[in-house]
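Going down the list, the protein sequences come from chains G and S.
Using this note's numbering, read the first sequence as starting at 911 and increasing by one per residue.
Using this note's numbering, read the second sequence as starting at 911 and increasing by one per residue.
There are 2 protein chains.
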Amino acid sequence: MEERARRIVETAVELAEQGGFEAVRLRDVASHAGVALGTLYRRFSSKEDLLIAAFELETFDLERRVAQRPPRGDTASERVSAFFAMATRGLLRRPNLARALLKAHAAGDPQLAKRTAAFNARLHDLVVAALRGRAAEAAPPPNESERLLTHALTRVWFALLLGWAGGLHGQATVIDEMSDCVELMVLGAEQKQRLATA
Amino acid sequence: MEERARRIVETAVELAEQGGFEAVRLRDVASHAGVALGTLYRRFSSKEDLLIAAFELETFDLERRVAQRPPRGDTASERVSAFFAMATRGLLRRPNLARALLKAHAAGDPQLAKRTAAFNARLHDLVVAALRGRAAEAAPPPNESERLLTHALTRVWFALLLGWAGGLHGQATVIDEMSDCVELMVLGAEQKQRLATA
DNA sequence: CCCGGTATTGAAACACGTTTCACTTCGGAA
DNA sequence: TTCCGAAGTGAAACGTGTTTCAATACCGGG
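Next up, the structure:
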């Protein structure tokens, strides 16, 4: 991302941190970033587009943290739970920003489907790595069982985050229910494997 | 819901069926329903509020269909999968409407948290009924295992629907991945039960 | 029947995402 | 250096969700 676009996204993040989705007024973003409104719209097709770019920035952060301190644990369940707990705490550390990013992501503009899919793929890679207990790089592509598991888990996580954003429950619920769900699904996957090979 | 409010919601549904979320212009809703804009705003605090009311109407439909033809199957997995398939097809039958309702639901205004929670509770009841293979009325409240299962499953379903709405995948993917996930989680729940009693 | 308050109306105003446009600036090719 | 096209600018305009307000209609209690 070139310098100007990055500055725009960073400005959006700052405004979102302070006042959430509504505080990201594109006129303000443009003027704070020192560009004209038209320039902003040349780089980002919409407010959602801009905030999804911001979400991608935040995801780099998560990937960096995971690389530095990979989720530990003796079992797959423990590692995956630890990963989601880390991701949840990282994202919810700045609640206003998190709500803004989630709202943009949840809006699900079909025009941004490609971006959203790429975003999900990065998340899946991190989950697969936690599941296997080793780094994501140079790893074989996930098998069918892993694919099913990671897709389902990231979906549960996403819905939990939206529930948090909508005031349905708190951060602890996100982490706790996520753990329960990981345990359940990993158990199920193991059991399915057992049945298939029997 | 009194007559005037119902007429407003029905008008919103008609407009959404034709042109989706953006086609529900509140000025149009008001004039087509034969009320002033201010009257609409006395009943519904926002466009989202209105569309969530519409979602509740649609859910009555689902409940009616489930009551008339409860999901069949010899196993819990089959019944729950059948239920979600039925619900998915029912909702996605009118794609524009579905996208509009999902968008409103996903926006997750904290002011509407109560409504959203009540909505989710109704869905959970239907899933629990399918899981048990009997009607939802006069049934004992779900136990912890059932609660975990139904929450996780409705979350996966919700995320899948949002993915569909965002153009990430088609209706078949929603139904198929939902089935896979149901199987996995029911297996996991049974296995967990086994481990706990052993 | 009359009164008082509440709901409804119609219309205007406001905010903000988005678009448009005429003008300027900039960077590289000739 | 000059020129061209792309990018940027500033400002205005537009659409739609939301709010506001004065005027009017409605309705139950005296």
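Even glycine gets a Cβ: it sits at the ideal position worked out from N, Cα and C.
Every value quoted in this text rests on a predicted model; they were computed, and no experiment measured them.
Q. My guess is that Q1101(G) and G1098(S) are in contact by the Cβ rule of under 8 angstroms, so how many angstroms apart are they, rounded?
A. Taking the first residue of the first sequence as 1, we reach residue 1101(G) at position 191. Taking the first residue of the second sequence as 1, we reach residue 1098(S) at position 188. Going by Cβ atoms, the distance from Q1101(G) to G1098(S) rounds to 7 angstroms, so yes, they are a contact pair.
Q. What residues from the segment 937–963 of chain G come within 8 angstroms of chain S, judged by C-beta to C-beta, listed N to C?
A. none
Q) Alpha carbon to alpha carbon, what distance is there between E966(G) and S955(G)? A) Position 45 of the first sequence, counting from 1, holds the residue named residue 955(G). Position 56 of the first sequence, counting from 1, holds the residue named residue 966(G). Taking the straight line from one Cα to the other gives about 16 angstroms.
Q) Terminal residues of the continuous alpha helix (DSSP H) containing M911(S)? A) Your numbering for residue 911(S) matches position 1 in the second sequence. First-last for M911(S): undefined, no H or E at that position.
Q: Compare the beta carbon distance of L1011(G) and L961(G) with 8 angstroms and say whether it is the shorter of the two.
A: Taking the first sequence and counting its residues from 1, one reaches residue 1011(G) at position 101. Taking the first sequence and counting its residues from 1, one reaches residue 961(G) at position 51. In this structure, L961(G) lies closer than 8 angstroms to L1011(G) by Cβ.
Q) So G1018(G) is in the alpha helix (DSSP H); what residue range does that whole segment cover? A) On the first sequence, residue 1018(G) is found 108 positions in, with the first residue counted as 1. Careful: G1018(G) lies outside any alpha helix (DSSP H) and carries neither H nor E.
Q: Return the Cβ separation of G1076(S) and A1075(G) in integer angstroms, given the expectation that the two are a contact with Cβ distance under 8 angstroms.
A: Position 166 of the second sequence holds residue 1076(S). Position 165 of the first sequence holds residue 1075(G). With a Cβ gap of about 17 angstroms, G1076(S) and A1075(G) do not count as contacting.
**Q.** Selection from L1041(S), V945(S) and A1016(S) that minimises the alpha carbon distance to L1078(G)
**A.** In the first sequence, counting from the first residue as 1, residue 1078(G) sits at position 168. Comparing Cα positions, the closest option is A1016(S).
Q: Kindly indicate which three-state DSSP category V934(S) falls into: helix, strand or coil?
A: Along the second sequence, one-based indexing puts residue 934(S) at 24. V934(S): coil per DSSP, three-state reduction.
Q: Compare the beta carbon distance of L1070(S) and R1065(G) with 8 angstroms and say whether it is the shorter of the two.
A: For this step, residue 1070(S) is matched to residue 160 along the second sequence. For this step, residue 1065(G) is matched to residue 155 along the first sequence. Closer than 8 angstroms, so yes.
Q.
Quick check on L1001(G) - is its C-beta less than 8 angstroms from some C-beta in chain S?
A. The count along the first sequence starts at 1 and reaches residue 1001(G) at position 91. So no, L1001(G) is outside the interface.
Q: May I ask you to report which of helix, strand or coil DSSP gives T1060(G)?
A: By 1-based counting over the first sequence, the position of residue 1060(G) is 150. In this structure, T1060(G) counts as helix in the three-state DSSP scheme.
Q. Using 8 angstroms as the threshold, is the segment 967–986 of chain S in touch with the segment 995–1009 of chain S, meaning 3 or more CB pairs across them?
A. yes
(Q) Which residues of the segment 1066–1078 of chain G have a Cβ closer than 8 angstroms to any Cβ of chain S? Give them in chain order. (A) V1066, F1068, A1069, L1070, L1072, G1073, A1075, G1076, G1077 and L1078
Q) Rounded to a whole number of angstroms, what is the C-alpha to C-alpha distance between T864(S) and L947(S)? A) With chain S running from 911 to 1108 in the structure shown, residue 864(S) is simply not present.
Q: Put L1094(G) into one of helix, strand or coil per three-state DSSP.
A: Sequence index remark: in the first sequence, residue 1094(G) carries index 184 (1-based). DSSP places L1094(G) in helix when its eight states are reduced to three.
**Q.** Per-residue contacts from T1026(G) into chain S (C-beta, under 7 angstroms)
**A.** By 1-based counting over the first sequence, the position of residue 1026(G) is 116. Residues of chain S passing the Cβ test: G1076 and L1078.
Q: Look at M1095(S) and L1063(S) and say whether their C-beta atoms are less than 8 angstroms apart.
A: Numbered from its first residue, the second sequence carries residue 1095(S) at position 185. Numbered from its first residue, the second sequence carries residue 1063(S) at position 153. Taking 8 angstroms as the Cβ cut-off, M1095(S) and L1063(S) qualify as a contacting pair.
Q.
Can you give me the C-alpha to C-alpha distance between T998(S) and R917(S), rounded to a whole angstrom?
A. For the purposes of this step, residue 998(S) is identified with residue 88 of the second sequence, where counting begins at 1. For the purposes of this step, residue 917(S) is identified with residue 7 of the second sequence, where counting begins at 1. Their Cα atoms are separated by approximately 26 angstroms.
Q.
Rounded to the nearest angstrom, what separates L1022(G) and R1003(G) at their Cα positions?
A. Within the first sequence, numbered from 1, the residue matching residue 1022(G) stands at position 112. Within the first sequence, numbered from 1, the residue matching residue 1003(G) stands at position 93. Their backbone Cα atoms lie some 26 angstroms apart in a straight line.
Q: Establish whether the CB of D1090(G) and some CB of chain S are separated by less than 8 angstroms.
A: Sequence index remark: in the first sequence, residue 1090(G) carries index 180 (1-based). Yes, D1090(G) counts as interfacial toward chain S.
(Q) For D971(G), report the span of its alpha helix (DSSP H) as first-last. (A) Here residue 971(G) corresponds to residue number 61 of the first sequence, with the count starting at 1. From DSSP, the alpha helix (DSSP H) with D971(G) extends over K957 to Q978.
Q | Secondary structure of F954(S), DSSP reduced to three states | A | Taking the first residue of the second sequence as 1, we reach residue 954(S) at position 44. F954(S): coil per DSSP, three-state reduction.
Q.
Pop quiz: L1041(S) and V990(S) are said to be a contact at Cβ under 8 angstroms. What is the actual Cβ separation, rounded to whole angstroms?
A. For the purposes of this step, residue 1041(S) is identified with residue 131 of the second sequence, where counting begins at 1. For the purposes of this step, residue 990(S) is identified with residue 80 of the second sequence, where counting begins at 1. Their Cβ separation, rounded to whole angstroms, is 6 angstroms, which keeps L1041(S) and V990(S) in contact under 8 angstroms.
Q. Under 9 angstroms Cβ-Cβ, which residues of chain S neighbour A1017(G)?
A. Locating residue 1017(G) in the first sequence gives position 107, counting from the first residue. Going along chain S in sequence order, the residues near A1017(G) (Cβ under 9 angstroms) are K1013, A1016, A1017 and G1076.
Q. With DSSP run on the structure shown, which of helix, strand or coil describes D984(S)?
A. Looking up residue 984(S) in the second sequence gives position 74. Here D984(S) sits in coil by DSSP.
Q: Return yes when the Cβ of V919(S) is within less than 8 angstroms of the Cβ of A964(S), no when it is not.
A: One-based indexing of the second sequence puts residue 964(S) at position 54. One-based indexing of the second sequence puts residue 919(S) at position 9. Yes.
Q) What is the DSSP secondary structure of R999(S), counted as helix, strand or coil? A) For the purposes of this step, residue 999(S) is taken as residue 89 along the second sequence, with counting starting at 1. Helix.
Q) So what does DSSP say about N1030(S), is it helix, strand or coil? A) As a working mapping, residue 1030(S) is identified with position 120 in the second sequence. It is helical.
Q | Buried versus exposed call for L1059(S) [16 or more other C-beta atoms within 10 Å across all chains shown] | A | Taking the second sequence and counting its residues from 1, the one referred to as residue 1059(S) is at position 149. With 16 or more Cβ atoms within 10 Å of its Cβ, L1059(S) is classed as buried.
Q. Alpha carbon to alpha carbon, how far is P1051(S) from L925(S)?
A. Here residue 1051(S) refers to the residue found at position 141 of the second sequence. Here residue 925(S) refers to the residue found at position 15 of the second sequence. Taking the straight line from one Cα to the other gives about 38 angstroms.
Q. Under 8 angstroms between C-beta atoms, does H1061(S) make it to chain G?
A. By one-based count along the second sequence, residue 1061(S) stands at place 151. Answer yes: the Cβ-Cβ gap between H1061(S) and chain G drops below 8 angstroms somewhere.
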